[in-house]
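Below is one structure, written out as structure tokens, with a few remarks after it.
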Amino acid sequence: MKLIPLLLLTALLSGQALAAPHSLLWADLNANANASSVFERINPELNGQQVVIPGFVIENSVASHLGDDHHHQADSDQPTITVLSPQPEICFHKPPPPANQLIQVKLLPGVKVKATEGKPVYLIGELQVEKHLSGLFSTAYTLVVSDTAEYPSQ
23 MKLIPLLLLT ALLSGQALAA PHSLLWADLN ANANASSVFE RINPELNGQQ VVIPGFVIEN
83 SVASHLGDDH HHQADSDQPT ITVLSPQPEI CFHKPPPPAN QLIQVKLLPG VKVKATEGKP
143 VYLIGELQVE KHLSGLFSTA YTLVVSDTAE YPSQ
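Position one of the sequence shown corresponds to residue 23 (this note's numbering), numbered consecutively onward.
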């Protein structure tokens with residue numbers, strides 16, 4: 023993803039009353055590359071930070087087969103597990119990106135995020151270092167989304 027649109031978005035957001043979120047790149051999530059476990063490669067300094075990060079929203083419709091920390095009612099009108107990925111169209115039948123390169127998405131009330139086929143979006147909110155394990159994929163981060171912004175089309 024291009025850095026210029028991310029910097030422009032951050033500059034626009036800095037005029038708000040709240041502190042501007044930190045522009046986050048996917049490489050910032052990966053720390054301690056020599057660690058043996060992917061969960062040891064997280065960046066603990068990001069915990070609690072207000073961030074803006076571009077990515078691809080992936081909604082997993084098989085949440086009924088996952089652990090207790092996810093929505094597991096197949097007929098629920100609540101979102102299923104939603105993750106932000108640095109890659110479009112990740113497949114859960116192939117090895118997904120490592121846990122420190124997937125972000126579980128939780129929405130604040132009134133915030134709507136929709137998976138857009140192969141199109142990136144900016145998500146803005148508080149990043150939390152949280153380990154989530156499932157049978158299909160794992161995440162090392164959660165983003166509590168307070169706002170979204172369109173990614174500029176080219």
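From the three backbone atoms N, C-alpha and C, an ideal C-beta is built for every residue, glycine too.
Residue 123 carries a helical assignment under DSSP once its states are collapsed to helix, strand and coil. Remark: C-beta atoms of residue 123 and residue 51 approach each other more closely than 8 Å. In the three-state scheme derived from DSSP, where H, G and I count as helix and E and B as strand, residue 172 is classed as strand. With at least 16 other beta carbons inside 10 angstroms of its own, residue 65 counts as buried.
Under the DSSP definition of a beta bridge, residue 64 lacks any partner. Cβ neighbours of residue 143 within its own chain (closer than 8 Å, five residues either side excluded): 76, 77, 78, 79, 135, 170, 171, 172 and 173.
Residue nearest to residue 120 within the set 166, 106 and 46 is 106 (criterion: CA-CA distance).
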